[in-house]
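Here the structure comes first, spelled out in structure tokens, and everything after it is commentary.
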Amino acid sequence: MRCLHEVELQAVADGEAAGASGANAWAAHVAECARCHERVESIRRDLRDVAAVLETAGEIPPRLEARVREAITLQEPIRGSTRLREPVEVPAWRRPRIVLPLAAAALVTLIVSGVLPRFGAPPTLSASQVLSRSLETLASAQGVEVLEYELVSDGLANGSWRIHLVVDHDRPTRYRVTTLAADGEVVAAMSQDPVRQRRTQLVRVDGRNYVVNVAPVSNPMLSLPQMAQALAETTITMMQATTDPKLTVVDGPQGRRQYVVEMPPVTPTTTAATLDLHRARAVVSATDFRIREFEASGTLLKQPFAISFKLLQHLVLSGNVQMTPDPFELLPGPGDVVLEGVAAEHPFEELLTTLARELARARAF
Amino acid sequence: MPVAAAPADPQTETLRLFQEHGASLYRFCRVTLGRADDAEDVVQETFLKLLQHLENHGARSNLRAWLYTVAANACRDRLRGRLRWLPWRLEQDTRIVDVTEGRPEVQAARRAMRALAPRDRLLLSLRAEGLSYRQIAQAAGIREASVGRLLARAVQRWKGKYALLT
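One line per chain: the protein sequences are F and Z, in this order.
According to our numbering, the stretch in the first sequence is residues 50 to 414, in order.
According to our numbering, the stretch in the second sequence is residues 1222 to 1387, in order.
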């Protein structure tokens, strides 16, 4: 008989092979074949290790025991030291991606920031008109905007993230962007405040945060949001210039009407264009004309990319209000390594040179 | 003629089952969710649902699998909820760093577990708790025929991450 494949081996190791056809032959083969026997034993060892991990999760806390007993007696949830709450965090699932998630995040932000005039949905509207209004208002946002969205990217950077961004539209170089893994773990963050002449970057490496502070800084020629805005404007203009963008009206969440603007898919060709769109789709709220979802694929600098985002939350704060804590500040947490960097032309250069310097110092010891 | 013993009243039965399975259910939720406080919440919710189930004269056969199914569903809901809007603030982030006691290989095993996708973590945890493929399928909301394949892949991914950490 042939050697067993992984699923069959798993079933044998788990004692679940009995119901399968050929189970007897599997068992006989495992008994005879040293290789398969070892693989089954290896799976069993792995599962024992996993069980050991469960054991290390600890004993049931005494307070939980008391709490559950009380809840069962009273027949209602008990909100004690372990009150019922919204979930917040979890473990990391990816190695840090520093530059590209932030750039991609910023790209999306400015697309989302295209707040269209809030005078209600007109009875008829063309796809081009929707995009035109989006473009016209892209740069007109005011105050401090707080955005949270899901971002999925392929090509520019692979992965999915949750992005939290605060941007001051009155001072476009003042912002804070935080990239979180899908499970809530911080992957990277950057904040820049021209008022305080301060820039802070946070990167997470092997489960530890490294925070690089640079001050005083001069404003870069373009901030991440500004670069993203340029790209967003180009993308929307290209969608608008498409011969026949398709517009449909659909029912969104809670029965709210949404416009879906789609650029018909085109066959990818080899071009010298900096940005080439092969497909694009935007979902716009018919209530406030905000772009709720956006998907695009094509090539950027001849590299294929696909990007999609979904707006989760949006908040506009008055730029005049003094906010505490400062939403643009990126503060280190307990256990974070804080480094003082030297200002450079490019923020990522600052990060790189600071980390390299610290590495060199560490090796010198 | 023998007379069948009357079933215990729901509260007594729920407390007995908590005594019997509470600790393992807590460990399961703790590993699946990664947070002690979330795990505690889910355990409480699960046993309150069990109480309602028993009071409504629900089936009393295989209540262990029932408990894991309810807890796994609650864990999944919480994990999904994490993908929704959360007003995260670094300065208000009071997450507690996990304890690091134990042998280095156990620490690595735990970190590898945490690094897995939620479904992998769920499947491995259910299996490690001794649930059958049928019970795992029920709890995880997948087809029984897929359990072996998904488990095998989860084990491979866990081994890969564990190897990176050791």
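Even glycine gets a Cβ: it sits at the ideal position worked out from N, Cα and C.
Remember, predicted model here, so these are calculated numbers, not experimental data.
Looking at the ligand SAM, does it come within less than 6 Å of glycine 1279(Z), judged from the CB to the closest heavy atom?
Only the bare structure without any ligand can be found here, which leaves the ligand SAM out of the picture.
Checking contacts by CB at 7 Å: is threonine 1267(Z) closer than that to chain F?
So, not an interface residue.
With three or more beta-carbon pairs closer than 8 Å as the criterion, would you say the region 1254-1261 of chain Z touches the region 398-408 of chain F?
Short answer: they don't touch.
What are the residues in the region 238-264 of chain F lying within 9 Å of chain Z by C-beta distance?
Those would be Ala238, Leu251, Gly256, in chain order.
Just the Cα atoms here: how many angstroms apart are leucine 86(F) and threonine 1267(Z)?
For the record, residue 86(F) in the displayed sequence is histidine; it is not leucine. One C-alpha to the other measures close to 40 Å.
Exposed unless 16 or more other CB atoms sit within 10 angstroms - verdict on isoleucine 121(F):
Looking at its Cβ environment, which holds 16 or more other Cβ atoms inside 10 Å, isoleucine 121(F) is buried.
Pick helix, strand or coil for histidine 86(F), following the three-state DSSP scheme.
In the structure shown, histidine 86(F) falls within a helical segment according to DSSP collapsed to helix, strand and coil.
Spatial distance of arginine 1342(Z) from alanine 1384(Z) (CA atoms)
Taken atom to atom, the span from the alpha-carbon of arginine 1342(Z) to that of alanine 1384(Z) is near 17 Å.
Could you please tell me which residues of the region 77-102 of chain F, in chain order, have their CB closer than 8 Å to any CB of chain Z?
The residues in question are Ile92, Asp95, Leu96, Asp98, Val99, Ala100, Ala101, Val102.
What distance in whole Å lies between the Cβ atoms of proline 383(F) and glutamine 250(F), which are believed to be in contact at a cut-off of 8 Å?
That pair is no contact at about 19 Å.
Between Arg305(F), Arg306(F), Glu311(F), Gln307(F), which has its C-alpha nearest lysine 295(F)'s C-alpha?
Of the listed residues, the one whose Cα sits closest to lysine 295(F) is Glu311(F).
Are any of the Cβ atoms in chain F nearer than 7 Å to that of glutamate 1365(Z)?
False, the Cβ-Cβ gap to chain F never drops below 7 Å.
Rounded to the nearest angstrom, what separates alanine 66(F) and arginine 1355(Z) at their Cα positions?
Cα to Cα, alanine 66(F) sits roughly 12 Å from arginine 1355(Z).
Tell me whether the beta-carbon of alanine 80(F) lies closer than 7 Å to the beta-carbon of glycine 1369(Z).
Not in contact: alanine 80(F) and glycine 1369(Z) (Cβ atoms no closer than 7 Å).
Leaving out five residues before and five after alanine 1349(Z) in sequence, what residues of the same chain have Cβ atoms less than 6 Å from its Cβ?
Sequence-distant Cβ neighbours of alanine 1349(Z) in its own chain, meaning closer than 6 Å and more than five residues away, do not exist here.
Length of the line joining the Cα atoms of histidine 1278(Z) and tyrosine 224(F)
The alpha-carbon atoms of histidine 1278(Z) and tyrosine 224(F) are separated by roughly 57 Å.
Among Gly208(F), Glu108(F), Thr105(F), the one whose alpha carbon lies nearest that of phenylalanine 354(F):
With distances taken between CA atoms, phenylalanine 354(F) lies nearest to Gly208(F) out of Gly208(F), Glu108(F), Thr105(F).
If leucine 1288(Z) sits next to leucine 1345(Z), beta carbons under 8 Å apart, how far is it from one beta carbon to the other, in whole angstroms?
So it is not a contact: roughly 18 Å between Cβ atoms.
Tell me the DSSP secondary structure of glutamate 1365(Z) in three-state form.
In this structure, glutamate 1365(Z) counts as helix in the three-state DSSP scheme.
In the DSSP output, what is isoleucine 356(F) paired with across the bridge?
Bridge partners of isoleucine 356(F): Ser202(F), Ala345(F).
Alpha carbon of aspartate 1259(Z) to alpha carbon of glutamate 1234(Z), nearest angstrom:
Cα to Cα, the separation comes out at about 24 Å.
Terminal residues of the continuous beta strand (DSSP E) containing glutamate 55(F)?
Judged by DSSP secondary structure, glutamate 55(F) falls outside any beta strand (DSSP E) and instead within the alpha helix (DSSP H) spanning 55-62.
In this structure, what does DSSP give as the bridge partners for aspartate 1262(Z)?
Paired residues: none, contrary to the question.
Residues of chain F with CB under 8 Å from serine 1282(Z), in chain order?
Here the premise fails: no neighbours, minimum Cβ distance about 20 Å.
Where DSSP assigns a beta bridge to arginine 328(F), which residues make up the other side?
Looking at the DSSP output, arginine 328(F) shares a beta bridge with Ser346(F).
If you drop the 5 nearest sequence neighbours on each side, which residues of the same chain put their C-beta closer than 7 Å to that of arginine 1364(Z)?
Closer than 7 Å at the Cβ level, and outside the excluded window around arginine 1364(Z), lie Ala1358.
Would you kindly check if the distance between the Cβ of glutamine 241(F) and the Cβ of proline 265(F) is under 7 Å?
No, the pair does not count as a contact, with Cβ atoms beyond the cut-off.
Using a Cβ-Cβ cutoff of less than 8 Å, which residues in the same chain neighbour histidine 363(F) once the five nearest sequence positions on both sides are dropped?
These residues qualify, in order along the chain: Val161, Glu194, Val195, Leu196, Glu197, Arg339.
With a cut-off of 7 Å, does the C-beta of glutamate 65(F) fall near any C-beta of chain Z?
Answer yes: the Cβ-Cβ gap between glutamate 65(F) and chain Z drops below 7 Å somewhere.
Of the residues Asp98(F), Glu119(F), Val201(F), which one's Cα is nearest the Cα of alanine 1330(Z)?
Looking at the Cα atoms, Asp98(F) is the closest of the given residues.
For proline 111(F), return the contacting residues in chain Z, with the cut-off set at a CB-CB distance below 9 Å.
The premise fails here: proline 111(F) is roughly 11 Å from chain Z at the closest Cβ pair, so nothing lies under 9 Å.
Within the 7 Å Cβ cut-off, does valine 216(F) reach chain Z?
With 7 Å as the cut-off, valine 216(F) does not count as an interface residue toward chain Z.
With a cut-off of 7 Å, does the C-beta of valine 1291(Z) fall near any C-beta of chain F?
So no, valine 1291(Z) is outside the interface.
Residues near arginine 1305(Z) by beta carbon distance below 7 Å, same chain, minus five either side
Caution is warranted here: a pLDDT of 44 is assigned to arginine 1305(Z), below 50, making its placement in the model unreliable, and no coordinate value can be reported.
For glutamate 1241(Z), the nearest candidate out of Met1334(Z), Leu1284(Z), Arg1374(Z) (CA to CA):
Per the Cα distances, Leu1284(Z).
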